[in-house]
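Before any comments, here is the structure.
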Amino acid sequence: DAEPNPAEGEAGASVGGGAEASTEGTAASASKFVAGEFWWKIEQGRGHHRVREGGEFQMWSIYRKKDKTRGVTGVSMLVGRQEEAPYNEKVLQMMFDENEWTEERAFGWWQENHGRYEKNDSSDGKLLVSGPGNVAGGVAAKVSTKPSDLLSARALLA
1 DAEPNPAEGE AGASVGGGAE ASTEGTAASA SKFVAGEFWW KIEQGRGHHR VREGGEFQMW
61 SIYRKKDKTR GVTGVSMLVG RQEEAPYNEK VLQMMFDENE WTEERAFGWW QENHGRYEKN
121 DSSDGKLLVS GPGNVAGGVA AKVSTKPSDL LSARALLA
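Those letters in the sequence shown? Residues 1 to 158, per the UniProt record's numbering, in order.
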């Protein structure tokens, strides 16, 4: 199988460039689902959607976190702190359980919900995930950090 070129990104968005490569460009430019383009890899029963390149993050800070917001099941995220100040936590990948999600359903859900994963706590830079329907400045919950071991983080990024 040919691996997608990370510089091309998902759905035509550039994710390999600067520190601001994010979901905003992906969601804005992507409106049509193309099978095999949203998930850049499928591993251990999970479809992985790359949101950002891992090179701009502190490797030791990367961990996996389930999205525990109401009404969301089978969704996890790979989160890490940026190398550059202000060292905010950002989502690197979204992971979808294949038992609950098809690639097309995950694509549609991400188009509607990507904005929930863009906010940070101003005091400590931790990622804030707002609940469904709270994308524009609504209630957000702090994602508790739990550092994972370096080998696990590298395996998820590979």
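Backbone N, C-alpha and C define an ideal beta-carbon position, used for all residues, glycine too.
- Taking the CA atoms as reference points, S76 sits about 7 Å from F96.
- When DSSP states are grouped into helix, strand and coil, G55 belongs to the helix group.
- For E84, there is no enclosing beta strand (DSSP E), since its DSSP letter is neither H nor E.
- Taking H49 as reference, the option from W40, W101, N113, E56 with the minimal CA-CA separation is W40.
- For R64, the enclosing beta strand (DSSP E) starts and ends at 63 to 66.
- Put simply, the backbone Cα of T73 is about 11 Å away from that of E98.
- Taking the CA atoms as reference points, W60 sits about 23 Å from R46.
- Secondary structure note for E104: its alpha helix (DSSP H) is the uninterrupted segment 103 to 113.
- Inclusion of Q58 and E84 in the CB contact set at 7 Å is not warranted, their separation being larger than that value.
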